[in-house]
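S.K.: The structure under discussion is supplied below as structure tokens; questions concerning it will follow.
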Amino acid sequence: MSREARRLSRDLPSGIVLLGPPGAGKGTQAALLAARLGLKHISTGEILREEVQQGTELGKKARAYMDRGELVPDELMIEMLDSRLDGRFLLDGFPRTTNQAEALERIAKVERVLSIRLSEEETVRRLTARRVCADCGRNYNLVSNPPRVPGVCDACGGRLIQRDDDTPEVIRRRYRVYEAQTAPLREFYRQRGLLVEVEGGRAIEEVFQEALRLLEEGR
Ligand code: AP5
Numbered sequence: 350m351s352r353e354a355r356r357l358s359r360d361l362p363s364g365i366v367l368l369g370p371p372g373a374g375k376g377t378q379a380a381l382l383a384a385r386l387g388l389k390h391i392s393t394g395e396i397l398r399e400e401v402q403q404g405t406e407l408g409k410k411a412r413a414y415m416d417r418g419e420l421v422p423d424e425l426m427i428e429m430l431d432s433r434l435d436g437r438f439l440l441d442g443f444p445r446t447t448n449q450a451e452a453l454e455r456i457a458k459v460e461r462v463l464s465i466r467l468s469e470e471e472t473v474r475r476l477t478a479r480r481v482c483a484d485c486g487r488n489y490n491l492v493s494n495p496p497r498v499p500g501v502c503d504a505c506g507g508r509l510i511q512r513d514d515d516t517p518e519v520i521r522r523r524y525r526v527y528e529a530q531t532a533p534l535r536e537f538y539r540q541r542g543l544l545v546e547v548e549g550g551r552a553i554e555e556v557f558q559e560a561l562r563l564l565e566e567g568r
């Protein structure tokens, strides 16, 4: 069935949205939750970084915004997401503005929204210690979740690198952008009865178990 036909029949893709400031653990929890719940993990940050790496038109347009820690314009993001949503999904990094949330309501059915909280200081501490596999994208943290061999991915043997936007100055900028533009979405989804919240400043497994419980309660 075409996307337009599905829209008309309201047989839309459905799933879960993760919200939270930079470093809250959206990517970490999304990978665990998607595997456990059998959902397709869609990270808009990850897709954008691939587009930048491949030098596509979208990547060229997005790069300057990402390097400054600002949001990529809504029209680019909505078009990008619309072409990728299918089946049952877990969205990590979208929506980030009210415009994006309203667009999402037109193209998919959001069943639950999990918001992960984290303070600015903990965000800076975590993200300056983050390393990412250049080949498979797996996330590590030099303090809380180090690789077995320094600089080498446990999963695929790839090289671990630091993201361009993980400098203290850009991390703080991203945090402020989150508070101004994305945090209001908690109220947007609370009003729709979809929001559950979890404190992200605890061990990965503890956050995961609580997130799972909250999400399954709402199903
Ligand atoms: P994006 O890639 O989405 O970045 P972000 O939201 O800033 O989030 P992060 O990926 O930094 O953190 P995370 O919450 O996923 O944490 P993680 O699990 O990695 O977006 C990047 C940019 O793309 C944006 O700035 C924007 O320019 C653009 N963009 C993307 N989507 C957009 C949209 N919809 N609209 C417009 N622009 C968009 O964990 C962080 C670290 O902590 C890791 O090292 C991890 O190992 C560690 N860790 C995780 N959990 C724990 C824990 N419980 N305890 C200790 N350590 C932990």
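Throughout, my numbering is defined as the position within the sequence shown, counted from one, plus 349. Ideal Cβ placement from N, Cα and C applies to all residues, glycine included.
Could you give the distance in angstroms between the alpha-carbon of ALA380 and the alpha-carbon of HIS390?
M.R.: 7 angstroms
S.K.: Can you tell which of LEU388, ARG475, ARG385 and LEU420 has the C-alpha that lies nearest to the C-alpha of ALA552?
M.R.: Ranked by how close their Cα comes to the Cα of ALA552, the residues LEU388, ARG475, ARG385 and LEU420 have ARG475 in first place.
S.K.: Is the CB-CB distance between VAL462 and LEU382 below 8 angstroms?
M.R.: no
S.K.: Going by the C-beta, is PRO444 closer than 7 angstroms to any heavy atom of the ligand AP5?
M.R.: yes
S.K.: Please state if the CB of THR446 and the CB of ASP423 are separated by a distance shorter than 8 angstroms.
M.R.: For ASP423 and THR446, yes; Cβs fall inside 8 angstroms.
S.K.: Pairing CB atoms from the region 505 to 513 with CB atoms from the region 529 to 536, are three or more of them under 8 angstroms?
M.R.: No contact exists between the region 505 to 513 and the region 529 to 536.
S.K.: Report the rounded CA-to-CA distance for GLU428 versus LEU386, giving the unit in angstroms.
M.R.: Between GLU428 and LEU386, the C-alpha separation is close to 26 angstroms.
S.K.: Please report whether the beta-carbon of GLY442 lies at a distance below 8 angstroms from any beta-carbon of chain C.
M.R.: Structure shown: chain C not included; a single protein chain is present.
S.K.: Report the residue from ASP416, LEU388 and ALA384 whose alpha carbon sits nearest the alpha carbon of ARG398.
M.R.: ASP416
S.K.: For the region 376 to 442, which segments carrying the alpha helix (DSSP H) assignment without a break, of at least 4 residues, lie completely within its bounds, in sequence order?
M.R.: 393 to 403, 406 to 417 and 423 to 431
S.K.: For GLU566, which option in GLU460, PRO499, GLN540 and TYR414 has the closest C-alpha, if you only look at C-alpha atoms?
M.R.: Measuring C-alpha to C-alpha distances from GLU566 to each of GLU460, PRO499, GLN540 and TYR414 identifies GLU460 as the nearest.
S.K.: What does DSSP give as the partner residue(s) for SER363 in the beta ladder?
M.R.: ARG437 and LYS458
S.K.: Report the partner residues of CYS482 according to the DSSP bridge assignment.
M.R.: LEU509
S.K.: Going by beta carbon distance, what residues of the same chain come within less than 7 angstroms of GLY442, once the five residues before and after it are set aside?
M.R.: Result list for GLY442: LYS375, SER392, THR393 and GLY394, in chain order.
S.K.: Taking all protein chains shown into account, do 16 or more other C-beta atoms lie within 10 angstroms of the C-beta of ARG480, making it buried, or fewer, making it exposed?
M.R.: buried
S.K.: Taking VAL473 as part of the alpha helix (DSSP H), name the residues at either end of that continuous run.
M.R.: 469 to 477
S.K.: Leaving out five residues on either side along the sequence, give the residues of the same chain with a beta carbon under 6 angstroms from the beta carbon of ARG466.
M.R.: The beta carbon of ARG466 sits closer than 6 angstroms to those of GLU548 and GLY549, all from its chain and outside the five residues before and after it, given in chain order.
S.K.: Is LEU543 helix, strand or coil by DSSP?
M.R.: coil
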